[in-house]
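Visitor: Residue numbers (the working numbering): 16 to 315.
For each residue, glycine too, the CB sits at the ideal point set by N, CA and C.
Note that the structure is predicted; figures quoted are calculated from it, not measured.
This structure is in structure tokens; I'll ask about it shortly.
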Amino acid sequence: MVINDWLERFMAYLNVSKNASPLTLQAYRNDIMHFLGLEDIRSESLQAIDHLTLRRYLAWLKAKGYSRRSIARKLSATRSFLFYLQKEDQVKSGKWSTVARPKIEKSLPRFMYPHEVIALLEAPDSGTDLGFRDRTIYELIYSSGLRVGELVNLHIHSLQLEDRLVKLYGKGKKERIVPIGKVAAGLLDEYLQRIRPALVAKNKNQRVYDELFLNKYGDPLSDRGVRDNFRKYIQRVSHKEDISPHSLRHSFATHLLEGGADIRVVQELLGHATISTTQIYTHVTRERLSEVYRSAFPRN
């Protein structure tokens, strides 16, 4: 069996046993193929892989200027694959876990202040089909705390507009149902009645999709499409760096906590597996308080 066959088996294992999302599977595939390609590893050379091979790989990544976060991710994916091969008796028992991950400094999420969110929401031209669609997208992300991956995977039947609810499938394909804000629900209703049919009509192949959001050709809107459009709008209203569609999700959580929401409720809304993940937003609100104090108190 060639190395690519083992990679496909590992992908199937992650999909079935670990319930990994399509985006996670693609990330694993890319990182593992990067390792295999650089090391020129074939099936006949699998037995030669050891922890020193991994260390050489990490040294190469560092020399090429990869960030600590990228190096840690690539190491994690590659190490998981090697453990799988070890279990299948394709590589020798290795000390994969002894290869240390680079330390990653925890950074606070990049969020937007309410007036910045409003400026972004009003940036698209709602008089055009695509502008109305984009306004609807940003209202939905902000009102419900969606990830971009969750957004592009929404189907028409994901919505329960009468109850102002949306069904999502998050990381690990975990299902959750979250509320939709009143403004977002109104926009979604009009999008479904007026805008989406106009986009469907632009599909030259006359294909009909169940995906909720479509691009200008009537095909499903991609993750990249959402990010590219967002970059265009955010440049008009903000000079902040590293602001992305995910910043709307961060803003959703931060503004809820600043408004007095219970952290356990915010955890459920965001779909976090553990409360520790959600607690980072309490640090954001503390940082915000400190910022206001430093700028307003005269004897600072």
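Identify every run of the alpha helix (DSSP H) within the stretch 191-249, keeping only runs that are complete inside it and at least 4 residues long; order them along the chain.
Guide: Listed in chain order, they are 197-205, 211-215.
Visitor: Compute the beta-carbon to beta-carbon distance between Ile64 and Ala87, rounded to the nearest angstrom, for a pair I have assumed lies under 8 Å.
Guide: Wrong, their Cβ atoms sit about 20 Å apart, outside the cutoff.
Visitor: Tell me, which residues are paired with His261 by DSSP?
Guide: Paired residue(s): none; His261 is not in a bridge.
Visitor: Taking only the alpha-carbon atoms, compute the straight-line gap between Ser237 and Trp21 and give it to the nearest angstrom.
Guide: Their Cα atoms are separated by approximately 29 Å.
Visitor: What is the rounded straight-line gap between the Cα of Ala200 and the Cα of Asn168?
Guide: Each residue's alpha carbon lies about 18 Å from the other.
Visitor: Determine the closest residue to Gly185 out of Asp204, Tyr232, His287, with distance taken between C-alpha atoms.
Guide: Nearest option by C-alpha distance: His287.
Visitor: Grouping DSSP H, G and I as helix and E and B as strand, with all else coil, what is Leu169?
Guide: Of the three classes helix, strand and coil, the one that applies to Leu169 here is coil, per DSSP.
Visitor: Taking DSSP's pairing of strands, which residues face Val181 in a bridge?
Guide: DSSP lists Leu174, Val193 as partners of Val181.
Visitor: Near Val299, which residues of its chain fall below 7 Å by C-beta distance, leaving aside the five closest residues on each side in sequence?
Guide: Cβ within range, chain order: Leu123, Pro124, Phe126, Thr269.
Visitor: Sorted by chain position, which residues of the same chain lie with C-beta nearer than 8 Å to Arg179's C-beta, five sequence neighbours on each side aside?
Guide: Closer than 8 Å at the Cβ level, and outside the excluded window around Arg179, lie Pro194, Ile195, Gly196, Lys197, Ala200.
Visitor: Using the Cα positions of Ser262 and Gln105, report the straight-line distance between them to the nearest angstrom.
Guide: Those two C-alpha atoms are separated by around 43 Å.
Visitor: What is the DSSP secondary structure of His254, reduced to helix, strand or coil?
Guide: Correct three-state label for His254: coil.
Visitor: Thinking C-beta only, is Tyr248 closer than 8 Å to Leu321?
Guide: Nothing about residue 321 can be read from this structure; the chain reaches only from 16 to 315.
Visitor: Which term fits Pro129, buried or exposed, when burial requires 16 or more other beta carbons within 10 angstroms of its beta carbon?
Guide: Pro129 should be labelled exposed.
Visitor: Got a sec? Which residues, its chain only, sit under 7 Å from Asn218 by beta carbon, not counting five neighbours each side?
Guide: If we look at Asn218 and ignore the five residues flanking it on each side, its Cβ neighbours are Tyr232, Gly233, Asp234.
Visitor: State the start and end residues of the unbroken alpha helix (DSSP H) segment that holds Gly146.
Guide: Counting along the chain, the alpha helix (DSSP H) containing Gly146 begins and ends at 144-159.
Visitor: On a CA-only basis, which of Leu229, Glu137, Glu154, Ala115 is nearest Ile171? Give me that one, please.
Guide: Nearest option by C-alpha distance: Leu229.
Visitor: So, for Leu97: in the same chain, excluding its five sequence neighbours on each side, which residues have a beta-carbon less than 7 Å away from its beta-carbon?
Guide: Within the same chain, Leu97 has close Cβ partners Ile64, Val106, Gly109, Trp111.
Visitor: Return no unless some Cβ of chain C is closer than 8 Å to the Cβ of Ala216.
Guide: Absence of chain C from the displayed structure is noted, only one protein chain being present.
Visitor: Helix, strand or coil, according to DSSP, for Val280 in the structure here?
Guide: Reduced to three states, the DSSP call for Val280 is helix.
Visitor: If you draw a straight line from the C-alpha of Asp55 to the C-alpha of Thr113, how long is it?
Guide: Whole-angstrom Cα-Cα distance: 23 Å.
Visitor: How is the alpha helix (DSSP H) around Met26 delimited, first residue to last?
Guide: Segment 18-32, the alpha helix (DSSP H) holding Met26.
Visitor: What do you get for Asn34, buried or exposed, if any count of 16 or more other CB atoms within 10 angstroms of its CB means buried?
Guide: Exposed, since its Cβ has fewer than 16 Cβ neighbours within 10 Å.
Visitor: Tyr43 and Ala92: beta carbons closer than 8 Å?
Guide: Yes, Cβ-Cβ distance for Tyr43 and Ala92 is below 8 Å.
Visitor: I'd like the list of long-range same chain contacts for His265, defined as Cβ closer than 7 Å, with 5 residues on each side in sequence excluded.
Guide: Within the same chain, His265 has close Cβ partners Pro124, Arg125, Phe126.
Visitor: With a CB to CB cut of under 6 Å and the five nearest residues on each side skipped, what residues in its chain are close to Ile290?
Guide: The answer, listed in chain order, is Gln282.
Visitor: Mapping DSSP to helix, strand and coil, what is Ser85?
Guide: If DSSP states are grouped into helix, strand and coil, Ser85 belongs with the helices.
Visitor: Taking C-alpha atoms, which residue in Arg148, Thr292, Ser253, Arg251 lies nearest to Pro212?
Guide: Minimum Cα distance to Pro212 is reached at Arg148.
Visitor: Would Lys182 and Ser36 qualify as a contact pair, given that the criterion is a beta-carbon distance under 8 Å?
Guide: Against a cut-off of 8 Å, the Cβ pair of Ser36 and Lys182 comes out as no contact.
Visitor: Ordered along the chain, which non-local residues of its own chain (more than five positions away) have a Cβ less than 6 Å from that of Leu284?
Guide: Result list for Leu284: Gly160, Val193, in chain order.
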